[in-house]
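Notes to accompany the following structure.
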């Protein structure tokens, strides 16, 4: 679905005051009366915040069953996590109740999910994906509900005082990828013609510029197209035209990357050799396998991700949860960046609740613990996380971006493997990005 250009709202820390929970709930309830709750699910248990029985209620949302982006593994894993943690005795003896909601990759549905979160008195929205931050953040901010571990697909996730991202989102991925492609010839970026897609070119170009490369060619494409023959042909004409070095084609179309690559594979036979590169979330091992493995179009491609490769032992805890509580659920892929982000987000939430001890667990106390500088360890999957509004990247419009690390991966013999050890910190690259929001 293509997006209309809108004026993006901006939330300044000095203008957002935490309102009383009672007033916010009254407003949220009034709004929720007109919402449709179809598509939302719940792990059985008492709803509400940390109620009299000690139950803690959170929500996870993501798009499912759409013609464009789908992330069913995120809410499915959240429910599996709740079953697992409750079987382990809960968090500090408190039962975890996970509500889920389908945002349908639609602004109206995203707003309904947020209003339901307010109505149900959740203490946080954890490990979620939505492109429609302008639709869901107003309800969360009005009720003081923290948004922990969003996917990083929108600018608002790095500006809202109630957002606590665990990765660097698209900004870090694209800046890191641009740095890796500095030795390419011409670079073409194929990205969605949406508001979120508008943010991508300057981020990729920041990495290219850091490596002394000129800006990429920006190609918009419909997010839900069934073929991309025209875009593939144009990308090849742009990148294969008489350059000394092989050009690079960078599709960043999310779930539609595979559709683009089908068109690209047919068109490339008529052109000189070019390289491909993309970001994790648009491509994972299952996509590489489905497109031919070592003989497919991704062989040799650079791919940037937020975390270590799926085979790294640091993911053993997440895999244990899947094995014990979701074995056979094909929606949950341990190599999927959405599932991985949800695991890290719940790891963060667990440490917050543990830090609160026997005290009250509410939206206010969760946000206050984070705002007071609580440091979170994720077992080496990210650097130590600590959110302060005036972070290093506040000057370029990302005051909540506290983890700018990415990993550089490459498709070698049909397998996605680490291209270099450790993480690449994109902070300095992003500091010099020409970003205007």
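Residue numbers (our numbering): 1110 to 1546. Glycine is no exception: its CB is placed at the ideal position from the N, C-alpha and C atoms.
Counterpart residues of residue i in DSSP-defined beta bridges
i, result
"residue 1301", "1330"
"residue 1181", "Answer is none; residue 1181 lacks a bridge partner."
"residue 1268", "The partner list for residue 1268 (beta bridge, DSSP) is empty, contrary to what the question assumes."
"residue 1360", "1299"
"residue 1392", "1389"
"residue 1414", "1516"
"residue 1273", "1257"
"residue 1200", "1203"
"residue 1234", "1168 and 1256"
"residue 1384", "1357"
Candidates the options: closest to residue i by CA position
i, options, result
"residue 1346", "1528, 1383 and 1437", "1383"
"residue 1443", "1425, 1308, 1454 and 1455", "1425"
"residue 1209", "1183, 1416 and 1398", "1183"
"residue 1394", "1376, 1377, 1297 and 1414", "1414"
"residue 1445", "1186, 1400 and 1227", "1186"
"residue 1479", "1490, 1497 and 1326", "1497"
"residue 1529", "1256, 1250 and 1285", "1285"
"residue 1177", "1452, 1303, 1412 and 1220", "1303"
"residue 1519", "1388, 1227, 1197 and 1364", "1388"
"residue 1212", "1194, 1431, 1241 and 1196", "1241"
"residue 1207", "1195, 1217 and 1214", "1195"
"residue 1457", "1227, 1179, 1309 and 1190", "1190"
"residue 1390", "1167, 1250 and 1278", "1278"
"residue 1538", "1201, 1318 and 1205", "1318"
"residue 1255", "1540, 1402 and 1509", "1509"
"residue 1423", "1489, 1461 and 1437", "1489"
"residue 1193", "1436, 1224 and 1291", "1436"
Nearest-angstrom Cβ-Cβ length linking residue i and residue j, presumed shorter than 8 Å
i, j, result
"residue 1397", "residue 1494", "With a Cβ gap of about 30 Å, residue 1397 and residue 1494 do not count as contacting."
"residue 1450", "residue 1275", "6 Å"
"residue 1472", "residue 1232", "5 Å"
"residue 1447", "residue 1238", "6 Å"
"residue 1253", "residue 1476", "6 Å"
"residue 1269", "residue 1287", "Actually they are not in contact, since the Cβ atoms of residue 1269 and residue 1287 sit about 26 Å apart, beyond 8 Å."
"residue 1368", "residue 1335", "7 Å"
"residue 1323", "residue 1300", "Not really, about 18 Å apart at Cβ, beyond 8 Å."
"residue 1230", "residue 1169", "Not a contact, Cβ separation roughly 16 Å."
"residue 1332", "residue 1365", "7 Å"
Contact test: residue i Cβ vs the ligand NAD heavy atom, cutoff 8 Å
i, result
"residue 1363", "Summarising the ligand content, the structure contains no ligands, and the ligand NAD is consequently not present."
(request) Say whether the stretch 1499-1513 touches the stretch 1402-1409, bearing in mind that this needs 3 or more beta-carbon pairs closer than 8 Å, one atom from each stretch. (result) Because the criterion of three Cβ pairs below 8 Å is not met, the stretch 1499-1513 and the stretch 1402-1409 do not touch.
(request) Please specify which runs of the alpha helix (DSSP H), each continuous and at least 4 residues long, are wholly inside the stretch 1457-1536, giving them in chain order. (result) Fully enclosed alpha helix (DSSP H) runs of 4 or longer: 1472-1480.
(request) Inspect the CB distances between the stretch 1261-1268 and the stretch 1465-1474 and report whether three or more fall short of 8 Å. (result) No, because fewer than three Cβ pairs between the stretch 1261-1268 and the stretch 1465-1474 fall closer than 8 Å, the two stretches do not touch.
(request) Spell out a yes or no on whether the stretch 1293-1301 and the stretch 1351-1367 are touching, meaning 3 or more CB-CB pairs, one atom from each, closer than 8 Å. (result) Contact between the stretch 1293-1301 and the stretch 1351-1367 is present, with at least three C-beta pairs closer than 8 Å.
(request) Check whether the stretch 1237-1249 touches the stretch 1483-1490, counting contact only when three or more Cβ pairs, one atom from each stretch, lie closer than 8 Å. (result) No contact exists between the stretch 1237-1249 and the stretch 1483-1490.
(message) In chain order, what are the residue ranges of uninterrupted alpha helix (DSSP H) at least 4 long that sit wholly in the stretch 1418-1449?
(response) Qualifying alpha helix (DSSP H) stretches, in chain order: 1425-1434.
(request) Would you check if the stretch 1333-1346 and the stretch 1365-1373 touch, i.e. whether three or more CB-CB distances between them fall below 8 Å? (result) Three or more pairs of CB atoms, one per stretch, sit closer than 8 Å, so the stretch 1365-1373 contacts the stretch 1333-1346.
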